[in-house]
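J.: Handing you a structure now.
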Amino acid sequence: MAEPAILTMTGISKQFPGVKALDNVDFRLLPGEVHALLGENGAGKSTLIKVLTGVYSIDEGTIALEGAPVRFSGPSQAQQAGISTVFQEVNLCPNLSVAENIFIGREPRRFGAVRWQEVRRRAAELLHRLQLDLDVTARLSDYSIAVQQLVAIARAIDISPKVLILDEPTSSLDSSEVDELFRVMKQLRDEGTAILFVTHFLDQVYEISDRITVLRNGGLVGEFLTRDLPQLELVAKMIGKELEVLEELEEQPGREAAARAHAEPVLEASGLARTGAVAPFDLSVHRGEVVGLAGLLGSGRTELARLLFGADRADHGQIRIGGRPVALRGPGVAMANGVAFCSEDRRAEGLIEDLTVRENIVLALQASRGWTRPLSRRRQDELVEAYLRSLRITPANPELLVRDLSGGNQQKVLLARWLITNPRLLIVDEPTRGIDVGAKAEIQRLVVSLADDGMALLFISAELEEVLRLSHTIGVMRDRRMVATLANDDDVDTERVMRAIAEGAVA
Amino acid sequence: MSGRMGAAVGTVWRHRLFWPVLILVVLLLSNLIFTPSFFSVEMRNGHLYGSLIDIARFGAPLVLVALGMTLVIATGGIDLSVGAVVAISGALACLWISKQPDQNAVVGVLVAVGLALLLSLVLGVWNGFLVAAVGIQPIIATLILMVAGRGLAQLITDGQIITINSSPYKLIGGGYLFGLPFSILLALVMTLLAVLFTRRTALGMLIEAVGSNAEASRLSGIRSRRYTLLVYVFCALCAGIAGLMVSSNVSSADGNKAGLLIELDAILAVVIGGTLLTGGRFSLGGTVVGALIIQALSTTIYTIGVPPQTTLVFKAIVVTVVCLIQSPAFRAKFSRRGRPGRADPPARSVQQKVEVPA
Ligand SMILES: Nc1ncnc2c1ncn2[C@@H]1O[C@H](COP(=O)(O)OP(=O)(O)OP(=O)(O)O)[C@@H](O)[C@H]1O
Ligand SMILES: [Mg+2]
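Protein chains in written order, with numbering that gives the first Met the number 0: chain G, 0 to 506; chain P, 0 to 357.
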């Protein structure tokens, strides 16, 4: 340990009204290392990053960069000092182009005028480094949340920072993008950049990190060398108890796949399509069946889901719900027919940040009742209490503004919003995005039990294992086309699905 | 013990009506220096008189217009046409009454009021239609009526000032009921109705959701067009009532001047009351206080004798100061200087809705 730390934080405390988010936390970062910052949802990881970069002020403690005490007034100042950050909730401007987003605030100029040619060329170059081939002049909001995350990362690595902070950068990436990202991270690390990396994927921790710091309930549990800390011990440190092994979900859905696929169909799409988004496809989801969608980034999984909910209008094909043809003119119609859709982009398409946790949870239910039939406050409190408890949302205070919750807890709020509407078909797009290990297993268990109770589910996840474990049927998407539907029986495994994705047909 | 006191003071301090109310109180108190009798309210022939009553009475039209404006702004919109609606409504009512053989006949006045309010509703539907169904940006959509509406008002009055002499009509803006000016009661009733409609139903929450994140609201199944239309109609109705008040108070309708620039005062009142121009959370109580602040400011300008040529500058300065005091970012700068490291309102550099002071 001869190398001096490039960044040291000592005795950091941060109090929010009612929550001690950080309590006397020490943290250090060495040059040329990837350092994983781990902990459950609400442990204080993002808060530590935000006090470091000056988004929040600290109550107590000191920060030193290369030995000199510093205190930043905000991320831009931190950036000037060589600390580049990608926050958990990607903060880019959706209305600007990809290239503008990458260079905003530091555009190459000549005689004061922005050199747009140069901006576009360099943006494309940077993205290429992440193996991303985008139209850099398109609006950022035209791209999925995963791409937006990669754009934010491209922006952060452009200036070869001394310290690179990535708060859950992989939460919505497929394995191939994760690989690209890791390649770039390793390259930066070898050039001497210190990288702080937050994730809930433990295999990624072991793949890339050299050192681990664990937080629990705002307190420091300890700092460890990754190679000295076995995974089970790590989990125990994160959740604070020897864990009753988070065993894989026992029953493989495979055994029942056939039975479920013969139950009565809840939703049947035939020849459904939207030009430029999804090619015509047929799909039916039956009572008690979990249909998983597998595919790479940009393969059209989200676009397909949006058609089934009426979030976008299909221009071809029909939908039958409960046997009756339905013209899905909008989400309202879908909801009236018992379809719910939990979007992957909780910030732009999900939560209403200015409203409280309670209001966010009852929103969809209230919307479907209309304004004249308000849910009584009593009823709201009952419903909300129940889900705060069953999904273990912390802090369990329904009157907090939802934006003051940690990322994973926000995700659970969004899920709760749709669960209380008690739909016949629940479409979940990346429902476990940003959710910690323990809670993730719980949500997976929830999916299984909802299906057992007769709910139909369409399950989208970038994690193929998760899709395989939960689904009875798997729809494989490639290039905005559904190329195969596989019954998830004994001989379906990751490899076979990957092959179907690669070849565009059942192998 | 002192800890608990501190906490109590802390919550008062944090209440969102704290700053608007404090500003109003300071403004009123500053009048005492020039007019020691400023706070005295007396009963004359069963009617209440006094400077405070006057502020409320003259402020009533602004309170009404600002109420409607609050809901429009909460959806993320804005209504520039309220001044024109004030003029149109007053003009139509006065025209109708002036055509009556007996201007004091109650029925004629009621019909006049009904017609004026009906026309206001139609104008509100027009605005709401342009915004919600056609999808024109609110500022442009309502600009159309702002300009064209003045023309319409002049058309109604035939370019003249219509003067009437109708005691039932005079009641609306200049009369008394139960010892209180009728206009105050009317503003009070409308305020209560607005609060009931938004907070006793789910309307308020749904409007706030639409204003904070339209796309997320749509995907939650909120039929936002419906609510957008509704708030523009309500806003026009409020402006229509305000128009009746204004014209009744002076017993005449002036298509040119009535309600001129009231949209700006109303927007200001909404913002001072703590509702952000970007939409989302709104506070009707805050708006009422905001409107009273603006009216009190006008009154103060007269009582302390600001020279007429500097009144506008004076008003601008006070409004700027009020907005600065209201801005959490500005306050944080000062409180941070005093007590470093205290939990301050998080400086949200993360691309957040910016507090727009005015
Ligand atoms: N602005 C805020 N106001 C009040 N409380 C906050 C605020 N930001 C965070 N908190 C609280 O601080 C605690 C730590 O939150 P933080 O976002 O740091 O968690 P996290 O470890 O990043 O979790 P996740 O894995 O879910 O992202 C949580 O209890 C959260 O509710
Ligand atoms: Mg976080």
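Glycine included, each C-beta is placed from N, C-alpha and C at the ideal position.
Treat the numbers as computed from the prediction; the structure is a model and nothing was measured.
Residue 317 of chain G bridges to which residues according to DSSP?
T.: On the first sequence, residue 317 of chain G is found 318 positions in, with the first residue counted as 1. Residue 317 of chain G is bridged to G/269.
J.: Starting from the beta carbon of residue 16 of chain P, find every residue of chain G whose beta carbon is closer than 9 Å, and list them in chain order.
T.: Mapped onto the second sequence, residue 16 of chain P falls at position 17. None at all; the shortest Cβ gap to chain G is about 18 Å.
J.: Suppose you measure from the CA of residue 30 of chain P to the CA of residue 300 of chain P; what does that come to, to the nearest Å?
T.: Stepping through the second sequence from its first residue, residue 30 of chain P is reached at position 31. Stepping through the second sequence from its first residue, residue 300 of chain P is reached at position 301. The alpha-carbon atoms of residue 30 of chain P and residue 300 of chain P are separated by roughly 9 Å.
J.: Buried or exposed: where does residue 248 of chain P fall if 16 or more other Cβ atoms within 10 Å of its Cβ makes it buried?
T.: Walking along the second sequence from the start, residue 248 of chain P turns up at place 249. Classification for residue 248 of chain P: buried.
J.: Please report how far the alpha carbon of residue 408 of chain G lies from the alpha carbon of residue 423 of chain G, in whole angstroms.
T.: The residue given as residue 408 of chain G occupies position 409 in the first sequence. The residue given as residue 423 of chain G occupies position 424 in the first sequence. The straight-line gap from Cα to Cα measures roughly 25 Å.
J.: What ranges does the alpha helix (DSSP H) occupy inside the region 252 to 305 of chain P, keeping only unbroken runs of at least 4 residues that lie completely in it?
T.: Runs of the alpha helix (DSSP H) inside the region 252 to 305 of chain P: 261 to 271, 283 to 302.
J.: What is the rounded straight-line gap between the Cα of residue 14 of chain G and the Cα of residue 45 of chain G?
T.: Position 15 of the first sequence, counted from the first residue, corresponds to residue 14 of chain G. Position 46 of the first sequence, counted from the first residue, corresponds to residue 45 of chain G. Each residue's Cα considered, the two are about 14 Å apart.
J.: Check whether the Cβ of residue 353 of chain G lies closer than 7 Å to any Cβ atom in chain P.
T.: Counted from its first residue, the first sequence places residue 353 of chain G at position 354. Yes, its Cβ sits closer than 7 Å to a Cβ of chain P.
J.: Please list the terminal residues of the continuous beta strand (DSSP E) segment that includes residue 295 of chain G.
T.: Residue 295 of chain G sits at position 296 when you count from the first residue of the first sequence. Where residue 295 of chain G is concerned, there is no enclosing beta strand (DSSP E), given that its DSSP letter is neither H nor E.
J.: Give the range of the alpha helix (DSSP H) segment to which residue 54 of chain P is assigned.
T.: Counted from its first residue, the second sequence places residue 54 of chain P at position 55. From DSSP, the alpha helix (DSSP H) with residue 54 of chain P extends over 50 to 73.
J.: Taking the alpha-carbon positions, what's the residue 293 of chain P to residue 264 of chain P distance?
T.: Working through the second sequence from its first residue, we reach residue 293 of chain P at position 294. Working through the second sequence from its first residue, we reach residue 264 of chain P at position 265. Whole-angstrom Cα-Cα distance: 7 Å.
J.: In whole angstroms, give me the CA-to-CA distance for residue 507 of chain G and residue 137 of chain G.
T.: Shown here, chain G extends from 0 to 506; a query on residue 507 of chain G therefore has no answer.
J.: Got a sec: is the Cβ-Cβ distance from residue 302 of chain G to anything in chain P below 7 Å?
T.: Against the first sequence, residue 302 of chain G aligns to sequence position 303. So no, residue 302 of chain G is outside the interface.
J.: Mind listing the chain P neighbours of residue 165 of chain G? Cutoff is C-beta to C-beta under 8 Å, in chain order.
T.: Reading the first sequence from its first residue, position 166 is the one you call residue 165 of chain G. Correct list: empty, because the minimum Cβ distance to chain P is about 16 Å.
J.: How many angstroms separate the CA atom of residue 362 of chain G from the CA atom of residue 441 of chain G?
T.: Here residue 362 of chain G is taken as the residue at index 363 of the first sequence, counted from 1. Here residue 441 of chain G is taken as the residue at index 442 of the first sequence, counted from 1. Going from the Cα of residue 362 of chain G to the Cα of residue 441 of chain G covers about 24 Å.
J.: So does residue 170 of chain G have its beta carbon nearer than 6 Å to some heavy atom of ligand 2?
T.: For the purposes of this step, residue 170 of chain G is identified with residue 171 of the first sequence, where counting begins at 1. No, Cβ of residue 170 of chain G sits at least 6 Å from all heavy atoms of ligand 2.
J.: With distances taken from CA atoms, which of G/168, G/143, G/366, G/404 is nearest residue 299 of chain G?
T.: In the first sequence, the residue the question calls residue 299 of chain G occupies position 300. Among G/168, G/143, G/366, G/404, the Cα nearest to that of residue 299 of chain G is on G/143.
J.: Report the neighbours of residue 331 of chain G on chain C: residues whose CB is nearer than 7 Å to its CB, in chain order.
T.: This model lacks chain C altogether; the protein chains it does include are G and P.
J.: Is residue 349 of chain P helix, strand or coil by DSSP?
T.: Locating residue 349 of chain P in the second sequence gives position 350, where the first residue counts as 1. At residue 349 of chain P the pLDDT is 35, less than 50, meaning the model places this residue with poor confidence; the figure from the coordinates comes in the next sentence. Correct three-state label for residue 349 of chain P: coil.
J.: If you measure from the beta carbon of residue 358 of chain G to each beta carbon in chain P, is any gap under 7 Å?
T.: Mapped onto the first sequence, residue 358 of chain G falls at position 359. Closer than 7 Å to some Cβ of chain P, the Cβ of residue 358 of chain G qualifies, so yes.
J.: Taking the Cβ atom as the reference point for each residue, do residue 471 of chain G and residue 210 of chain G lie within a distance shorter than 7 Å?
T.: As a working note, residue 471 of chain G is residue 472 in the first sequence. As a working note, residue 210 of chain G is residue 211 in the first sequence. Their beta carbons are not under 7 Å apart, which means residue 471 of chain G does not touch residue 210 of chain G by this criterion.
J.: Residue 100 of chain G and residue 150 of chain G look like a contact to me (Cβ under 8 Å); what is the Cβ gap, rounded to whole Å?
T.: Sequence index remark: in the first sequence, residue 100 of chain G carries index 101 (1-based). Sequence index remark: in the first sequence, residue 150 of chain G carries index 151 (1-based). That pair is a contact at about 6 Å.
J.: In whole angstroms, what separates the C-alpha of residue 140 of chain P from that of residue 261 of chain G?
T.: Here residue 140 of chain P corresponds to residue number 141 of the second sequence, with the count starting at 1. Here residue 261 of chain G corresponds to residue number 262 of the first sequence, with the count starting at 1. Taking the straight line joining both Cα atoms gives about 54 Å.
J.: Going by Cα to Cα distance, which pick from G/349, G/65, G/460, G/69 is closest to residue 211 of chain P?
T.: For the purposes of this step, residue 211 of chain P is taken as residue 212 along the second sequence, with counting starting at 1. Of G/349, G/65, G/460, G/69, the residue nearest in Cα terms is G/349.
J.: What did DSSP end up calling residue 280 of chain G once you bin it into helix, strand or coil?
T.: Along the first sequence, one-based indexing puts residue 280 of chain G at 281. DSSP places residue 280 of chain G in strand when its eight states are reduced to three.
J.: Tell me which residue opens and which closes the beta strand (DSSP E) that residue 59 of chain G is part of.
T.: Residue mapping note: residue 59 of chain G aligns to position 60 of the first sequence, counting from 1. Counting along the chain, the beta strand (DSSP E) containing residue 59 of chain G begins and ends at 59 to 64.
J.: For ligand 1, is there a heavy atom less than 6 Å away from the beta-carbon of residue 404 of chain G?
T.: By one-based count along the first sequence, residue 404 of chain G stands at place 405. Because some heavy atom of ligand 1 lies under 6 Å away, the Cβ of residue 404 of chain G counts as near it: yes.
J.: Helix, strand or coil: which one does DSSP assign to residue 15 of chain P?
T.: Sequence index remark: in the second sequence, residue 15 of chain P carries index 16 (1-based). Three-state result, residue 15 of chain P: coil.
J.: Take residue 387 of chain G and list the residues in its own chain whose beta-carbon comes closer than 6 Å to its own, dropping the five residues that flank it on each side.
T.: By 1-based counting over the first sequence, the position of residue 387 of chain G is 388. Excluding sequence neighbours, residue 387 of chain G sits near 395.
J.: Using the beta-carbon of each residue, which ones in chain G are nearer than 7 Å to residue 282 of chain P?
T.: Position 283 of the second sequence, counting from 1, holds the residue named residue 282 of chain P. Those within 7 Å of residue 282 of chain P in chain G number zero; the least Cβ separation is about 13 Å.
J.: Quick one: grab the DSSP three-state call for residue 34 of chain G.
T.: Numbered from its first residue, the first sequence carries residue 34 of chain G at position 35. Residue state, collapsed to three classes: strand.
J.: Go ahead and pull the three-state DSSP assignment for residue 454 of chain G.
T.: For the purposes of this step, residue 454 of chain G is taken as the residue at position 455 of the first sequence. Residue 454 of chain G falls in the coil class under three-state DSSP.
J.: In three-state DSSP terms, what is residue 19 of chain G?
T.: For the purposes of this step, residue 19 of chain G is taken as the residue at position 20 of the first sequence. If DSSP states are grouped into helix, strand and coil, residue 19 of chain G belongs with the strands.
J.: Around the Cβ of residue 15 of chain P, are there at least 16 other Cβ atoms within 10 angstroms (buried) or fewer (exposed)?
T.: What you label residue 15 of chain P is simply residue 16 of the second sequence in a count that begins at 1. By the 10 Å Cβ count, residue 15 of chain P comes out exposed.
J.: How many Å lie between residue 227 of chain G and residue 64 of chain G at the Cα?
T.: Position 228 of the first sequence, counted from the first residue, corresponds to residue 227 of chain G. Position 65 of the first sequence, counted from the first residue, corresponds to residue 64 of chain G. Looking at the two C-alpha atoms, the distance is approximately 27 Å.
J.: Indicate whether residue 269 of chain P and residue 257 of chain P have their beta-carbon atoms separated by less than 7 Å.
T.: Indexing the second sequence from 1 puts residue 269 of chain P at position 270. Indexing the second sequence from 1 puts residue 257 of chain P at position 258. No. Outside cutoff.
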